[in-house]
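*Asks:*
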Amino acid sequence: MKILVIGGDGFCGWPTSLHLSANGHNVTIIDNFSRRKIDNTLNTKSFTDIKTLDERLQKWNTFNNIPIHYIEIDVAKEYSKLKDFIESNKPDTIIHLGEQRSAPYSMKNDETRSYTVQNNLMGTHNILNIIVEVNPDIHFIHLGTMGVYGYGTVSDTIIPEGYVDVKMKDKHGVEKPVNILHPSYPGSIYHMTKTQDALFFQFYAKNWGLKITDLHQGIIWGLHTEETKLHPHLINRLDQDSDYGTVLNRFLLQSVCDYPLTIYGSGKQTRAFIHIQNSVQCIKLAVENPPKKGENVKIFNQMTETIQLNTLANTIKALYPKTKVQNVTNPRKELDENSLEVENKQFLDLGLEPIYVNNRDYLDELYNAMEDYKDNFVDANMLPCSFW
Ligand code: USQ
């Protein structure tokens, strides 16, 4: 299949591109290198030594028969360039991993709020708009987030995959069943853009019959996939700073670097998690199982387990006894404590084999990989610097 990966130089996009390429797909990357540029503005860098996209691809293309190529386009700003490219490239599938994905960064100040809305909503809308014009048969896959559902909206529920059955009263007071998108409860500007994307998708699927898949992903952990492990030039980025670093990877690298784990608030927040290897497998499954034309937007919960943050910290403490923890005043407006159960039957039915956090091999692999990059630890970026 011919696949465009937008954001193919990023933390999800790079290993996704390699995984699809390794499985025989013809991949082209579109990227504007915004993640690398934002690192510079935040005075931080990937914990791992990542190569330029040119160097990465030069190496990958020695491993694989079908080379991956790339083109630099800002999908939110360069509409004509993007349209011309999609017209000439003729992809079967477009995977959009090019949104600004940090909740703290999106809440940092008025400029980052504005940038996140402009980048995420314009980018997503431009692609949909072009698909209608160029080829409505293109399958569009978007990386959404578990955070759109909110936490603890209705106690003791299991979060369904995108839709809920509700009853609405007609004018005679008779209750009638309807199936609707799960109500949105975003906790940041970033999460809000994902909830607004969902309305774009519903409208474009209904009006033009576009084939759209939205992946509501949990917090990724891990670094390596089968493909990124093949050579040091292929290594993935690993965000360590308090804006882009995510909780499990940060806890582990803090332990490696003898820095006390930064538990925000009570540590009783429960979140959904998925290993990066499982994440790329899910995207491949989504590519190979598109919705039919005219069907509802296909929504998957792309996660494998839910864990409370204190449990996570205790697991790391038990495995790596030198670990210390600290309780940090929560910089975010979020529930101090929540329970979370999530339905993920669709990917399991398609054959996904979950990698769980209590799988010692995967945690050790990550811990050992981090040991090699201890010199890249930036102490100054560990405590929160975005507050809301
Ligand atoms: N947290 C800590 N200590 C830290 C960092 C975070 O206690 O050092 C806490 C946060 O307060 C929060 C939880 O850990 O309760 C998760 O925070 P996070 O930064 O790991 O993840 P989040 O901001 O929710 O966003 C990340 C990705 C985002 C993705 C989302 C999936 O950046 O792109 O959409 O995870 S989910 O959280 O399921 O919506």
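To convert, take the position in the sequence shown, counting from 1, and add 4; that gives the numbering used here.
All residues carry an ideal CB built from backbone N, CA and C; glycine is no exception.
If you draw a straight line from the alpha carbon of Y109 to that of E115, how long is it in whole angstroms?
*Replies:* Here residue 109 refers to the residue found at position 105 of the sequence shown. Here residue 115 refers to the residue found at position 111 of the sequence shown. Computed Cα separation, rounded: 10 Å.
*Asks:* Out of H220, H228, N113, N93, which has the shortest C-alpha to C-alpha gap to D247?
*Replies:* The count along the sequence shown starts at 1 and reaches residue 247 at position 243. Out of H220, H228, N113, N93, N113 has the C-alpha closest to the C-alpha of D247.
*Asks:* Does at least one heavy atom of ligand 1 sit under 7 Å from the Cβ of Y268?
*Replies:* The count along the sequence shown starts at 1 and reaches residue 268 at position 264. Because some heavy atom of ligand 1 lies under 7 Å away, the Cβ of Y268 counts as near it: yes.
*Asks:* Which whole runs of the beta strand (DSSP E) in the stretch 101 to 181 are 3 residues long or more, in chain order?
*Replies:* Runs found: 143 to 149, 167 to 173.
*Asks:* With which residues is T217 paired in a DSSP beta bridge?
*Replies:* The residue labelled residue 217 in the question sits at position 213 within the sequence shown. DSSP output for T217 lists I145, K302 as bridge partner(s).
*Asks:* DSSP has F277 in a bridge; who is on the other side?
*Replies:* The residue given as residue 277 occupies position 273 in the sequence shown. In DSSP, F277 forms a bridge with I223, E309.
*Asks:* Within its chain, find whatever has a CB closer than 7 Å to the CB of D174; leave out the 5 residues flanking it on each side and keep chain order.
*Replies:* Working through the sequence shown from its first residue, we reach residue 174 at position 170. Cβ within range, chain order: K180.
*Asks:* Just reading off the beta strand (DSSP E) that V332 is part of, what are its end residues?
*Replies:* Here the question's residue 332 lines up with position 328 in the sequence shown. Counting along the chain, V332 sits inside the beta strand (DSSP E) bounded by residues 329 to 332.
*Asks:* Do you know offhand how far E341's Cα is from T274's?
*Replies:* If you number the sequence shown from 1, residue 341 lands on position 337. If you number the sequence shown from 1, residue 274 lands on position 270. Cα to Cα, E341 sits roughly 7 Å from T274.
*Asks:* Could you pull out every residue in the same chain whose Cβ sits closer than 7 Å to the Cβ of S283, ignoring the five residues on either side in sequence?
*Replies:* Looking up residue 283 in the sequence shown gives position 279. The residues are C16, Q221, I224, Q306.
*Asks:* Does the distance between the C-beta of L86 and the nearest non-hydrogen atom of ligand 1 fall short of 7 Å?
*Replies:* On the sequence shown, residue 86 is found 82 positions in, with the first residue counted as 1. L86: no, Cβ never under 7 Å from ligand 1.
*Asks:* Can you tell me where the beta strand (DSSP E) holding E347 begins and where it ends?
*Replies:* Here residue 347 refers to the residue found at position 343 of the sequence shown. Careful: E347 lies outside any beta strand (DSSP E) and carries neither H nor E.
*Asks:* Just grab the DSSP bridge partners of E341 for me.
*Replies:* Here residue 341 corresponds to residue number 337 of the sequence shown, with the count starting at 1. Answer is K272, bridged to E341.
*Asks:* Grouping DSSP H, G and I as helix and E and B as strand, with all else coil, what is D368?
*Replies:* Here residue 368 refers to the residue found at position 364 when the sequence shown is read from its first residue. DSSP places D368 in helix when its eight states are reduced to three.
*Asks:* Rounding to the nearest angstrom, what Cα-Cα distance links D78 and K87 in this structure?
*Replies:* Here residue 78 is taken as the residue at index 74 of the sequence shown, counted from 1. Here residue 87 is taken as the residue at index 83 of the sequence shown, counted from 1. Straight-line Cα distance between these residues: approximately 12 Å.
*Asks:* Could you tell me the alpha carbon to alpha carbon distance between I99 and Y119, rounded to whole angstroms?
*Replies:* Stepping through the sequence shown from its first residue, residue 99 is reached at position 95. Stepping through the sequence shown from its first residue, residue 119 is reached at position 115. Roughly 21 Å separates the two Cα atoms.
*Asks:* Where does Y360 land, buried or exposed, given buried means 16+ other C-beta within 10 angstroms?
*Replies:* By one-based count along the sequence shown, residue 360 stands at place 356. Y360 counts as exposed, since fewer than 16 other beta carbons sit within 10 angstroms of its beta carbon.
*Asks:* Using only the alpha-carbon positions, how far apart do W392 and L339 sit?
*Replies:* Taking the first residue of the sequence shown as 1, we reach residue 392 at position 388. Taking the first residue of the sequence shown as 1, we reach residue 339 at position 335. Spanning the two alpha carbons is a distance of roughly 13 Å.
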